[in-house]
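Comments concern the structure below.
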């Protein structure tokens, strides 16, 4: 399937990237070190990078943050998780976090659909 | 290493088990179905059971529930995760959830030590 | 008062319904069972259905989820609660949850106004 | 059934009462007004007092605060709710808040048992 | 720098003000008293008003409420805090609350930019 | 007033210190960097160290973590805040976070009393 140029997810990626630049441009040492630490968290360690992206996704879902969910969904898709595996991870978040997670599950399913249309997620 | 008979974790297991019995004895259909659903969540599916225990652990850590952390630490140890892998998962929870997670990290490290002494966790 | 065709709430209802369909179409047994369990929670039991909708509303308000608030506001209106009773329930959420709940209270009041205009809520 | 003198709940009531006294003795106008506002929240209004205690219980359960749960359980028992009704309310909290609520459900069931033994809750 | 008439922040101020009016018009005594109590919280007391606005900002950031963040950012700017001081406060929120706070940090930086353009925040 | 040797707070300090040592001994680079980042957060920057301890206190209170509250109460006392100032900060947390914060306020007042008896907090 060919790439789609304009969608909600693409807009989010651009805004996220620009805003992160602005944050780093503040030149606050603590914030810059936090951002660096955050990136390194999801690299291969005792656990492989892909497992840690899945952990980041579930943490984001139970803490109910759509932007964080979108970011980790994309990373999970890129590291090769299938839609079924991602949905099975989201089910853990649903059971741990309860029905209050459902609106974020609806958001996640919509994002997964965009990732499929883009070809980022294997369908 | 030989089994330790009396420890905080063993006490928690017994109280947890007895209290869960009492909850099921209430005979509330919704609660009984939730407990059943909860158990089934961590069985092999699109994702293997052990990965889902790790997801449950990180979800519990960012939501900051020591009882849930202890339960999933034990399950993670029993499904074969090493201490280093579990600590790497807890690091994801620390970065996503922030320093407010640290007291729960302290609790988790203590539990891991008991699990090592018991022989449940490979050291 | 006659029905209003186009409003934010009507849009939410449609999107919510479509997204829930997509979630059920994923055919994940755990998720389908959770959705079923969720629906049954608000049926008559030891407590009447309407009281449980009010409980769902306050739980949604202190957990600060606008979509959940909108859903339960509608259910509360349909089961016959008056605006004054619903506002009195929201006050409990405000006191328990604090000023961080205020933006959600503003959202809820706007939704109540739409429900009044639609005739769903007795004014 | 005769009153039990010494139990965890009785100890909590005394400590809670003494600590609340100390807080009021700080003579901070804002805090004193908040405490006054809090008490008034659960008095008869558009909704009857007992319904609001039940709302307070569910709010406390999804926000996962054992002290608040114990306080509202006692109030719910005193205003005449039966064990079955209280458990049905806790089920709403369980479904909205997810399995992370379960340790607090275990705590609540234990408290209900003490309230039954004391005769505060009709069994 | 001259005032900008139309921006996201200005729209938020108007909607917030109108919705707060509607809430007070509900004439619920508890809610009116809460709003009054809330306003008084940020007046000079043992701590000066500006320090308390900064506390309100960090509380809003770790509880992840963009509307509350915007409100307190404006108050902090008006009471004379510099951008660097506000960013240093937000860093505390980031470290305490973790990476889940980052999307709200992005929002806050955008708001600070508007406040600078308006001349509310000294740049 | 002379120092008290044995109290709940002293026990907490020792356990906290020992557990933090164990965490650092895990030798997980990410965790060690997080702990380092956390310490640096509360050093003089655009805002003075003492203001940031007060921010840390309020963040801990609205996120309802007693261990974090105790740690920051001690730091606030040591950096010279008076009891009245600390209580005024806690009032901000109470209003933002709601009555669910009250049990933590009770805990905080007890800790302040110990800090006074120890002479750490000026009374």
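Chains as they are written, first to last, in the working numbering: chain A, 1 to 123; chain B, 124 to 246; chain C, 247 to 369; chain D, 370 to 492; chain E, 493 to 615; chain F, 616 to 738.
Just so you know, even glycine gets a beta-carbon here, dropped at the ideal spot from N, CA and C.
{"query": "Taking CB distances under 8 Å as the criterion, tell me whether residue 135 of chain B reaches chain A.", "result": "no"}
{"query": "Between residue 369 of chain C and chain F, is the shortest Cβ-Cβ distance under 8 Å, so that the two count as touching?", "result": "no"}
{"query": "Can you check whether the C-beta of residue 409 of chain D is within less than 8 Å of a C-beta belonging to chain E?", "result": "yes"}
{"query": "So, residue 607 of chain E versus residue 545 of chain E, is the Cβ gap smaller than 8 Å?", "result": "no"}
{"query": "Are the C-beta atoms of residue 37 of chain A and some chain G residue less than 8 Å apart?", "result": "Annotation note: the requested chain G is absent from the structure, which comprises protein chains A, B, C, D, E and F."}
{"query": "Is residue 271 of chain C buried or exposed, if buried means 16 or more other CB atoms sit within 10 Å of its CB?", "result": "exposed"}
{"query": "Quick one: Cα of residue 267 of chain C to Cα of residue 189 of chain B, how far?", "result": "36 Å"}
{"query": "Checking 8 Å against the spacing of the C-beta atoms, do residue 705 of chain F and residue 223 of chain B come in under that value?", "result": "no"}
{"query": "Leaving out the 5 sequence neighbours to the left and right, which residues in its chain are closer than 7 Å to residue 727 of chain F when beta-carbon positions are compared?", "result": "688, 698, 701 and 736"}
{"query": "What are the uninterrupted segments assigned as beta strand (DSSP E) that are 3 or more residues long and contained completely in the region 381-445 of chain D, given in chain order?", "result": "none"}
{"query": "Return helix, strand or coil for residue 110 of chain A, following the three-state DSSP convention.", "result": "helix"}
{"query": "Is residue 59 of chain A near the ligand SAM, with its Cβ less than 7 Å from a heavy atom?", "result": "Among the ligands in the structure shown, none appear at all, so the ligand SAM cannot be discussed."}
{"query": "Apart from the five residues on each side of it in sequence, which residues of its chain come closer than 7 Å, Cβ to Cβ, to residue 474 of chain D?", "result": "459 and 463"}
{"query": "Using a beta-carbon distance cut-off of less than 8 Å, what residues from the region 586-605 of chain E approach chain B?", "result": "586, 587, 588, 589, 590, 591, 592 and 593"}
{"query": "If we define contact as Cβ-Cβ less than 8 Å, is residue 275 of chain C a contact residue for chain D?", "result": "no"}
{"query": "Between residue 648 of chain F and chain A, is any beta-carbon pair separated by less than 8 Å?", "result": "yes"}
{"query": "Could you check the C-alpha separation between residue 117 of chain A and residue 7 of chain A for me, to the nearest Å?", "result": "10 Å"}
{"query": "Applying the 10 Å Cβ sphere with the 16-neighbour rule, what's the burial state of residue 103 of chain A?", "result": "buried"}
{"query": "Within the 8 Å Cβ cut-off, does residue 211 of chain B reach chain F?", "result": "yes"}
{"query": "For chain F, find out if any of its Cβ atoms is closer than 8 Å to the Cβ of residue 130 of chain B; answer yes or no.", "result": "no"}
{"query": "Does any residue of chain D have a CB that is nearer than 8 Å to the CB of residue 214 of chain B?", "result": "no"}
{"query": "How many angstroms separate the CA atom of residue 466 of chain D from the CA atom of residue 611 of chain E?", "result": "43 Å"}
{"query": "Using a C-beta to C-beta distance shorter than 8 Å, which residues of chain D count as neighbours of residue 325 of chain C?", "result": "Per Cβ cutoff of 8 Å: no residues; residue 325 of chain C is ~13 Å from chain D at best."}
{"query": "Check whether chain E comes within 8 Å of residue 26 of chain A, counting only Cβ atoms and requiring the distance to be less than that.", "result": "yes"}
{"query": "Where do the ends of the alpha helix (DSSP H) carrying residue 341 of chain C lie?", "result": "329-343"}
{"query": "Rounded to the nearest angstrom, how far is the Cβ of residue 46 of chain A from that of residue 233 of chain B, given a contact under 8 Å?", "result": "20 Å between Cβ atoms; not a contact."}
{"query": "Quick check on this structure: which residue in E/547, E/548, E/562 and E/533 has the alpha carbon closest to the alpha carbon of residue 506 of chain E?", "result": "E/562"}
{"query": "So what does DSSP say about residue 474 of chain D, is it helix, strand or coil?", "result": "helix"}
{"query": "Indicate whether residue 160 of chain B and residue 279 of chain C have their beta-carbon atoms separated by less than 8 Å.", "result": "yes"}
{"query": "Would you list, in chain order, the members of the region 300-321 of chain C that have their beta-carbon closer than 9 Å to a beta-carbon of chain D?", "result": "300, 301, 302, 303, 304, 305, 306, 307, 308, 309 and 314"}
{"query": "Tell me the rounded alpha-carbon separation between residue 627 of chain F and residue 723 of chain F.", "result": "14 Å"}
{"query": "Report the three-state DSSP secondary structure of residue 9 of chain A (helix, strand or coil).", "result": "helix"}
{"query": "Can you give the Cα-Cα distance for residue 547 of chain E and residue 288 of chain C, rounded to whole angstroms?", "result": "39 Å"}
{"query": "Determine, for residue 511 of chain E, whether the minimum Cβ-Cβ distance to residues of chain C falls below 8 Å.", "result": "yes"}
{"query": "Would you verify that the beta carbon of residue 664 of chain F is, or is not, closer than 8 Å to some beta carbon of chain E?", "result": "no"}
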